Every structure is written in structure tokens, then in C-alpha cells.
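Be aware that the sequence shown starts at 209, since it is given in my numbering, and climbs by one per residue. Glycine residues also receive a C-beta, built at the ideal position from the N, C-alpha and C atoms. These figures come from a predicted structure and were not determined experimentally. Structure first, then comments.
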Amino acid sequence: MQHNNYQGSVFFTQSNIVASKLLGMETSILRYSHMISDNRELTQRNFMLQQQIAQLREAVEVLSHDSTETERILAESLRGCELIQARVTSCSVWLLDNTLTIDRGSKDGVEEGMGVACGTGIVGIVTQVGAHCSQVMSILNTRSNITCRIRGTGYIGYLHWQGGNMLVSTMDDVPHHARIKVGQAVETSGYSQVFPAGIFVGRINKIGTSPDGLSFRLSVQLSTDMACLENVVVIKNN
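Okay, here's the thing in C-alpha cells:
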């Protein structure tokens with residue numbers, strides 16, 4: 209009888225240990241799940257704040273004494289823009305034509321040609337769409353060509369990657385008469401339906417001349433490290 213009581217006590221103790229471990233695993237999984245959700249929400253919030261700051265800066269420069277008009281410009285710039293949260297499932301950075309895959313597709317509203325960004329800047333453009341996943345042409349792709357401007361000016365150029373350093377890209381066709389300096393911010397121009405204006409791209413770290421000698425060729429330190437990308441937003445311009 210005492211032996212049975214001892215066995216029952218051991219079984220009860222072991223069961224509690226197993227249950228405790230399972231509970232701990234469940235808690236960890238839930239925390240990880242919440243962490244992923246929080247990270248996605250933070251990515252979207254960072255992107256929205258970045259847009260609001262850029263648009264407010266532009267509005268204040270134009271209408272520095274009219275707060276009502278500034279609010280109207282801000283509201284119009286964000287109207288019709290839907291952000292689809294996504295997670296990066298794979299990403300290459302060492303090729304000449306790098307791509308990434310995200311866990312959102314046509315069932316989530318993603319379409320070819322939509323821009324992809326994160327809390328630190330632009331990421332790329334959607335090129336292929338499946339039901340539940342999509343492929344994105346990275347800004348670290350020699351075929352990528354995105355219209356950008358130097359922040360605070362009207363000077364436009366074309367951002368394209370030439371391979372090599374994954375943190376540096378090239379901006380061409382900036383006119384020679386442009387007054388620019390190292391450290392100035394580069395952002396999206398808003399001249400296409402892919403990206404709204406004002407998304408941070410990076411900063412000028414070197415000023416050179418194009419091969420034909422007719423314009424500037426700028427080296428741009430990219431704001432986004434594509435090697436550690438996790439959460440992004442797909443920009444749906446309605």
C-alpha cells in the first residue's frame with residue numbers, strides 16, 4: 209500500500225513537472241507570437257510617422273503660418289494609402305539581382321508594382337504575387353530604378369544599385385547646377401504611384417560626376433540594412 213502511495217506521489221510530481229514545462233513552452237510561444245505582432249505594428253507606426261514628418265516639413269516650408277492649410281495638405285498626402293503588414297520569409301543580399309519574399313499575397317490585397325517599405329526606409333517593389341506570398345525586387349538589384357529627390361530641394365535623380373556594398377547605392381542624373389552637399393537626405397519623389405513622397409532613402413556620402421560629365425553622380429548611404437530585414441509594409445495606393 210505504501211509502495212502504491214509512493215508511486216502515485218512520484219507520478220503526481222512528474223506530471224506537475226511536465227505540465228509546468230508545457231505551460232512554460234506555451235507562454236514562450238504566446239510571447240513570441242505577441243512579439244511578432246508588436247514588431248509589425250511598430251514597423252507600420254514608424255513608417256506612418258516618417259511620412260507625417262516629411263509631409264509636415266514640406267507643408268510648413270510652404271505655409272509656415274497657416275496651420276489649417278498644413279493639416280489639409282497632410283491629410284491629402286495620406287488619403288487613399290493602405291498599408292499591408294508583412295513579414296520577410298527570405299532575403300538575398302549577395303547577388304547582383306537580389307530579391308526577397310514576404311508572407312502576404314493576392315488574398316491579402318497585394319498586387320504587382322506596389323512599393324514595399326519598413327520603418328527605416330524603402331525596401332523594393334513587388335514583382336510576383338501568389339495567393340499567400342509575394343516576391344519583391346530589392347533596392348539591392350541592378351534592375352531597380354527608383355525616382356528620388358534631395359530633401360528640401362526640387363532636384364530629382366534615379367536611384368540604382370551597382371553591386372558590391374549592400375549599404376551604398378548610386379543616384380544619377382542630378383543636374384550640375386544643383387546646390388548639394390554631403391549629409392543631405394535623399395527621399396522618394398512621389399512622382400510615381402509606387403511610393404508616396406517623402407519616404408527616407410538615405411544620405412549623400414559622396415558627390416561625383418557622371419561618366420558623360422553632364423550631371424552629378426551621388427553615392428547614397430542607404431538607411432535600410434537589407435541583411436537584417438524582418439517586418440515591412442506593402443503600400444497600396446487606392
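### Query
Excluding five sequence neighbours on each side, which residues of the same chain lie with their C-beta closer than 6 Å to the C-beta of Phe403?
Spatial neighbours of Phe403 in its own chain (CB-CB distance under 6 Å, excluding positions within 5 residues in sequence) are listed in chain order as Gly323, Thr396.
### Task
Would you kindly report the start and end of the unbroken beta strand (DSSP E) that includes Glu395?
Counting along the chain, the beta strand (DSSP E) containing Glu395 begins and ends at 393-396.
#### Entry: Residue of Val440, Ile364, Leu250 minimising C-alpha distance to Ser298
Each of Val440, Ile364, Leu250 was checked against the Cα of Ser298, and the nearest Cα belongs to Val440.
### Task
Pick out the complete beta strand (DSSP E) segments inside the region 341-367, 3 residues or longer, and give them in chain order.
List check, beta strand (DSSP E) in window: 342-349, 354-358.
### Buried or exposed (CB count within 10 angstroms, at least 16 for buried), Val390
Burial state of Val390 is exposed, judged by a 10 Å Cβ sphere holding fewer than 16 other Cβ atoms.
### Message
Taking its Cβ as the centre, do 16 or more other Cβ atoms sit within 10 Å of Tyr363, making it buried, or is it exposed?
### Response
That one is buried.
### Task
Measure the alpha-carbon distance for Leu308 versus Ser300 and round it to whole angstroms.
Each residue's alpha carbon lies about 6 Å from the other.
### Query
Hey, Ile415 and Leu426 are a contact pair by Cβ (cut 8 Å); roughly how many whole angstroms apart?
Yes, they are in contact, since the Cβ atoms of Ile415 and Leu426 sit about 6 Å apart, within 8 Å.
### Residue from Ala339, Val394, Gly371, Val382 with nearest C-alpha to Leu304
Cα-wise, what sits closest to Leu304 is Gly371.
### Cα-Cα separation, Leu422 to Asn373
Distance from the CA atom of Leu422 to the CA atom of Asn373, rounded to whole angstroms, is 25 Å.
### Query
Taking 9 Å as the CB-CB limit, is Asp305 close to chain C?
As a matter of chain content, chain C is missing from the structure shown, which is built from one protein chain.
### Task
Flag this pair as touching only if the region 343-355 and the region 324-332 have three or more C-beta atom pairs under 8 Å; answer yes or no.
Yes, the region 343-355 touches the region 324-332.
### Query
Taking the alpha carbon of Arg359 as the point to measure from, which residue in Ser418, Val428, Asp316 has its own alpha carbon closest?
Here the closest residue by C-alpha is Val428.
### Task
Report buried or exposed for Cys436, applying the criterion of at least 16 other Cβ atoms within 10 angstroms of its Cβ.
Classification for Cys436: exposed.
#### Entry: CA nearest to the CA of Arg411, picked from Ile292, Lys444, Val394, Asp420
Closest by alpha carbon: Val394.
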